[in-house]
Amino acid sequence: MFHFGNRRSESEDDIARYLIVGLGNPGREYQLNRHNIGFMLIDRLCRELLTTPGMVQSKAIIAKAQFAGKKVILAKPQTYMNLSGQSVSSLVRFYKIPHDRLLVAHDDLDLPLGTIRLRPGGGSGGQKGVSSIIQQLGTQNFPRLRIGIGRPPGRMDAAAYVLQDFNQEERELLPEVLDRAAKAALAFIEHGLEMAMNQFNGNMKNGSPLA
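Residue numbers (the UniProt record's numbering): 1 to 211.
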């Protein structure tokens, strides 16, 4: 268990809301794909926050929790990756989430497995789920949690690579990667983006300690 703060209940009127979205594709055939590391992170956060995803809202499977005196909505859009913005924009409107309290976690080809990067906004970097969210929200200004999956080997097509399952060697690293990404997401909620970036941007060997 990580310990970033108090989880006591407060009234709905007094509590700040945060929306943490993990991107992926629904269906068992995609469950272990590299492209689904965002979904894997949401599952990891649900275990940490002692909640269970199951409620369906705005074309997403969601879970709700309290953390550090704040209300947290965890979401896995079920629209398939390229239409993720439909679900995310609907959730943002329904829960009245300011864009700086939306964190979108997704796979990133430009970072090696074991590296995560929080960033305040910017372009999609070719990630089509992020592109859809930018289009639907009408802004690039929302925080991201980029989780590295590495580049495809040789001349392998990137689209085919992201839809492959993690190999055995990569799977052995995943628990540590997801623990670190979960800590980064919780630090974002409790301490804000800048502090979380300072603490967690880097790889597992050269970045902040995992403990």
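Even for Gly, the Cβ is constructed at its ideal location relative to N, Cα and C.
Buried versus exposed call for V92 [16 or more other C-beta atoms within 10 Å across all chains shown]: With 16 or more Cβ atoms within 10 Å of its Cβ, V92 is classed as buried.
Check A185 in the structure and name its three-state DSSP category. Secondary structure of A185 (DSSP, three-state): helix.
Using a Cβ-Cβ cutoff of less than 6 Å, which residues in the same chain neighbour R101 once the five nearest sequence positions on both sides are dropped? The beta carbon of R101 sits closer than 6 Å to the beta carbons of Y18 from its chain, once the five residues preceding and following it are set aside; these are given in chain order.
Measuring CA to CA, which of S124, K71, S58 and V72 is closest to F94? With distances taken between Cα atoms, F94 lies closest to S58.
Beta strand (DSSP E) containing F67: first to last residue? Under the DSSP assignment, F67 falls in the beta strand (DSSP E) whose first and last residues are A60 to F67.
Can you tell me where the alpha helix (DSSP H) with M40 in it begins and where it stops? Run containing M40: I37 to E48, per the alpha helix (DSSP H) assignment.
Do A65 and S87 have their beta-carbon atoms positioned less than 7 Å apart in this structure? The Cβ-Cβ distance between S87 and A65 does not fall below 7 Å.
Looking only at its own chain, which residues have a Cβ that is under 6 Å from the Cβ of S90, when we skip the five neighbours before and after it? Cβ-Cβ distances below 6 Å link S90 to S58 in the same chain, with the five nearest sequence neighbours on each side left out; the list follows chain order.
Beta carbon of N198 nearer than 7 Å to that of T115: Their beta carbons are not under 7 Å apart, which means N198 does not touch T115 by this criterion.
Less than 7 Å between the beta carbons of L45 and A182, yes or no? Between L45 and A182, the C-beta gap is smaller than 7 Å, which places the two residues in contact.
By a C-beta neighbour count over all protein chains shown, 10 Å radius and 16 as the cutoff for buried, is Q135 buried or exposed? Taking all protein chains shown into account, Q135 has fewer than 16 neighbouring C-beta atoms within 10 Å of its C-beta and is therefore exposed.
Sub-7 Å separation of M81 and L178 beta-carbons: Between M81 and L178, the C-beta spacing is not below 7 Å.
In angstroms, rounded to a whole number, what distance separates the CA positions of P26 and L109? Going from the Cα of P26 to the Cα of L109 covers about 20 Å.
What did DSSP end up calling I15 once you bin it into helix, strand or coil? Secondary structure at I15: coil, using DSSP grouped into helix, strand and coil.
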